[in-house]
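Take the sequence shown: its letters are residues 1 to 184, numbered as in full-length UniProt numbering. Beta carbons: idealized from backbone N, C-alpha and C, even for Gly.
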Amino acid sequence: MAGIEVGDSKEAKMSEISQQWWYVVQTKPRQELRARANLENQAFDVALPMLTLERIKRGKRTPTTEPLFPGYIFVKLPDYSQNFHKIRSTFGVTKVVKFGDAPARLSEQLVTDMLALGDDSPQVQEMQRYAAPQPGDKVEILDGPFKGLFAEILKLDGASRCVVLLDFLHKQVRAEFELSDVKR
1 MAGIEVGDSK EAKMSEISQQ WWYVVQTKPR QELRARANLE NQAFDVALPM
51 LTLERIKRGK RTPTTEPLFP GYIFVKLPDY SQNFHKIRST FGVTKVVKFG
101 DAPARLSEQL VTDMLALGDD SPQVQEMQRY AAPQPGDKVE ILDGPFKGLF
151 AEILKLDGAS RCVVLLDFLH KQVRAEFELS DVKR
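(1) Look up Phe74 in the DSSP assignment and give the residues it is bridged to.
(2) Lys147 by DSSP, collapsed to three states: which one?
(3) Tell whether a beta-carbon distance below 8 Å holds between Leu110 and Pro49.
(4) Let me know the secondary structure DSSP gives Leu115 once reduced to three states.
(5) Got a sec: is the Cβ-Cβ distance from Gly71 to anything in chain B below 8 Å?
(6) Would you identify the three-state DSSP class for Asp181, choosing helix, strand or coil?
(7) Is the separation between the beta-carbon of Asp181 and that of Asp143 shorter than 8 Å?
(8) Buried or exposed for Thr27, going by 16 or more other Cβ atoms inside 10 Å?
(9) Straight-line CA distance for Leu79 to Phe44?
(10) Once the 5 residues before and after Ala151 are set aside, which same chain residues still bring their CB inside 7 Å of it?
(11) Apply the 10 Å Cβ neighbour rule to Ala104 and answer buried if 16 or more other Cβ atoms are within range, or exposed otherwise.
(12) May I have the straight-line CA-CA distance separating Gly136 from Ile153, to the nearest angstrom?
(13) Could you pull the start and end residues of the beta strand (DSSP E) that Leu39 belongs to?
(14) Taking the C-alpha atoms as reference points, what is the distance between Glu54 and Glu176?
(15) Can you find the residues in the same chain that come closer than 7 Å, C-beta to C-beta, to Gly92, ignoring five residues on each side of it along the sequence?
(16) Do Tyr23 and Phe99 come within 8 Å of each other at the CB atom, strictly closer than that value?
Take a look at the structure:
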């Protein structure tokens, strides 16, 4: 896999002494921010790629920022062996991810690319465009008396409702639904 290395040969280790690598660190559940803050307080260079998503809370869609890789952060180290104990004993950290006895290393380019996957990147905008239903989309009704029927979205009505056209008893009927009650 490009960008991920497992170091095991002595020649490879000697040639990479001056090079810094990013290491994959597993965090305790939902404690990525705590682990990042504690590692940064110890002067480590830490990367935590984040992504803004729309979640439904109390029937309303609200934007939330979440880690791109839940449960994992990336730490840049000049020498892995000298800092192992500091990282492992940091609040919020579970362990350093390893393949056998060798820690998982990521290249600088791979981590830079992951951090570039912010909300302004074309890839994220494309995902978000397809995440929320748009007028003209075919959707399935998930709740209520029309559960299981398919409809077409005519228009979005505010931030949380949509007007759909559904075929019901061989007639086309307009109806309003919460966006949380329909899926593509």
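In brief:
(1) Val24, Ala47
(2) coil
(3) no
(4) helix
(5) You won't find chain B in this structure, because it holds only one protein chain.
(6) helix
(7) yes
(8) buried
(9) Correcting the residue identity first, residue 79 is Asp in this sequence and not Leu. One C-alpha to the other measures close to 12 Å.
(10) Val139, Ile141, Val164, Leu165, Leu166
(11) buried
(12) 5 Å
(13) Premise fails: Leu39 lies in the alpha helix (DSSP H), 32-41, not in any beta strand (DSSP E).
(14) 21 Å
(15) Thr27, Lys28, Gln31, Arg34, Ala35, Asn38
(16) no
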